Amino acid sequence: MGNIRDLALFAIIFGLIPFILRAPHIGVLTWSWLSYMNPHRMTWGAAYNFPFAQVVALALLVGILFSREPKYLPKHWLVGVWLFFIAWMGISTLNAYFPEAAQLQFIKIIKIQLIIFITMLIMHSAERIKMMVWVIFLSVGFFGIKGGAFTLLTGGAHRVWGPPGSFIEDNNHLAIALLMVLPLGYYLLRHELTNVWYKRAMWLALGLIALAVVGSFSRGAFLSILCVSFYLWLKTDKKLISALFIVPLLPIMFMFMPDSWHERMSSIETYKEDASAMGRLNAWAYSINAANANITGAGLESWDSETFVRWAPNPENVAAAHSIYFSVLADHGWLGLLMFFVLFLGGFIIARRTVRIAAPHERYRWAADLARMIQVSLVAYGTGGAFLSMSYFDLPWHLLAISLLLQQRLKEDGIWVEETRRIKHHLRSPQLHS
């Protein structure tokens, strides 16, 4: 069975190479599938450690080099901030406390950022944006569907984990990733599925994904799911129907979980007695002190007894920050954290403006709803990520890229300028008549 899986994966990936060379956007989709789903980790032979992502990335770069289709980044100041943030990460890496370890991690981050920038270079059409959303949802959602079924069958007695050797291997990381793709699934349900049975299957998938989040035993996800549920309710058109669905569902799901789950969640109230929580607070204090001592922070991979002696209140309790904010603060200093905030707050604002511009036009209602759901996903990342080390995970950066691509799509179709003028005229009208 293992050999069959290996052969099938090799056949699929290398069978796609000619198509990637002719149509680079297929390479972006393939790389994203490999990055999020990690299908090679479901094999047991030669495919398990084979560098499929590097092979696809190389074919993608060659395809882009010879492709005649237009290649350009979205015209927005946020792209400039993004590029400066990457450059600042490079500067902080050169000045890192542990330069060799920092350089290895920086190379991993740059590879991810390169593909995401290629996404913005070539995924301009509505069809390609939608395909990107499908790939992300199915790749990450697969583990939610599987994990939800596992939670249901075991009565929530065991934790749900992600694919080994990936960003989302940890149960906490998987839970936040699943929370981020749930809104994307809701968008696909509303706009991309017309067959009633497909819609029912999607509702089932979304329910299982939500159950997998609960079955992850993640305290950060527990807090985040409350925030996301409330925000999702705010962003839906049919608030009463949504409330009637969400309000009874949450307590039913919680009552279904075993005592071990409830004990885990109740530890949020007694964090002072929790060694893990106290270690996290110590790491946050370390991040602040390291950023105060160095304009570029301590650099990537600085979490070590040697640095904790210098900057941590309790030097013996060495732990990672487990927070997207404090991780960036320690890694790249206050300026790095400021740019990180600007990028994702900017992405949220762009999505909100896209909703306002696209919603009045039936043809672009899909873009408005996708932008709404991206906002929900970013809320999940911003709240759940406050307790997890996911600063450089592909998914939020991909969502930021899609937000920029949506705006660029509306600008190229002339809707952005037209609707902006109409809104400005509407705002000025009361003043003209006063």
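Using my numbering, the first residue of the sequence shown is number 2, and each one after it goes up by one.
By construction, the Cβ of each residue, glycine as well, lies at the ideal position given by its N, Cα and C atoms.
Every value quoted in this text rests on a predicted model; they were computed, and no experiment measured them.
Decide if Q55 is buried, meaning its Cβ has at least 16 other Cβ atoms within 10 Å, or exposed. exposed
F342 classed as buried or exposed, judged by whether at least 16 other C-beta atoms fall within 10 angstroms: exposed
Return the Cβ separation of W367 and H125 in integer angstroms, given the expectation that the two are a contact with Cβ distance under 8 Å. Between H125 and W367 the Cβ distance is about 15 Å, and since that is not below 8 Å, they are no contact.
Please say whether V134 and L179 have beta carbons closer to each other than 7 Å? no
Mapping the DSSP letters down to three states, classify G145 as helix, strand or coil. helix
Endpoints, alpha helix (DSSP H) assigned at K109: 100 to 123
Rounded Cβ spacing between A60 and L22 (contact assumed at less than 8 Å): 6 Å
So what's W45 in DSSP terms, helix, strand or just coil? coil
Can you look up R160 in the DSSP assignment and give me helix, strand or coil? coil
According to DSSP, is H362 part of a helix, a strand, or is it coil? coil
Integer-rounded CB distance, given that G216 should sit under 8 Å from T152: 3 Å
So F20 and A48 are in contact, right, with Cβ under 8 Å, and what is the actual spacing, rounded? The Cβ separation is near 20 Å, so there is no contact.
Apply the 10 Å Cβ neighbour rule to P40 and answer buried if 16 or more other Cβ atoms are within range, or exposed otherwise. buried
Member of Y232, L336, L406, W162 whose CA lies at the smallest distance from the CA of R42: W162
Around the Cβ of R410, are there at least 16 other Cβ atoms within 10 angstroms (buried) or fewer (exposed)? buried
Skipping 5 residues on each side, what residues in its chain have a beta carbon closer than 6 Å to that of H263? In this prediction, H263 has a pLDDT of 48, which is less than 50 and means its spatial position is unreliable; what the coordinates show is noted afterwards. Excluding positions up to five away in sequence, the list is empty.
Compare the C-alpha of L154 against each of L212, A103, H174 and name the closest. L212
Contact set for L175: own chain, Cβ-Cβ below 7 Å, skip 5 residues either direction: F144, V161, W162, G163, I169, S217
Taking the alpha carbon of P52 as the reference point, which residue from Y188, M90, S36 has its own alpha carbon closest? S36
With a threshold of 16 other CB atoms inside 10 Å of the CB of W45, please say whether the residue is buried or exposed. exposed
Using alpha carbons as the reference points, say which of S68, P100, L84, D7 lies closest to G300. P100
Among the candidates G208, I113, L407, E363, whose CA atom is the shortest distance from the CA of I350? L407
Could you tell me the boundaries of the alpha helix (DSSP H) in which V319 lies? Here V319 belongs to no alpha helix (DSSP H), and DSSP marks it neither H nor E.
Rounded to whole angstroms, what is the Cα-Cα separation between A9 and T421? 50 Å
Please classify H434 as buried or exposed, where buried requires at least 16 neighbouring CB atoms within 10 angstroms. Low per-residue confidence applies at H434: pLDDT is 49, beneath 50, and the placement is therefore not dependable, though the value from the model is reported in the following sentence. Under this definition H434 is an exposed residue.
Length of the line joining the Cα atoms of R220 and R353: 29 Å
By how many angstroms is the C-alpha of L205 removed from the C-alpha of V329? 37 Å
Counted within 10 angstroms of its Cβ, other Cβ atoms place P25 as buried (16 or more) or exposed: buried
Short of 7 Å in beta carbon distance, which residues of its chain neighbour H333, apart from the five on each side in sequence? Order them along the chain. W89, M90, S93, T297, G298
Once DSSP output is grouped into helix, strand and coil, what is the label at G64? helix
Starting from E506, trace the alpha helix (DSSP H) both ways and give me its first and last residue. This structure does not reach residue 506, given that the chain is present from 2 up to 435, and the question cannot be answered.
Cβ-based neighbour list, S303, same chain, cut-off 8 Å, excluding 5 preceding and 5 following: A97, Y98, F99, A103, A291, A331, D332
Could you tell me whether the stretch 111 to 127 touches the stretch 395 to 407, where touching means 3 or more Cβ pairs closer than 8 Å? yes
What did DSSP end up calling N173 once you bin it into helix, strand or coil? helix
Under the three-state DSSP convention, the category K72 falls into: coil
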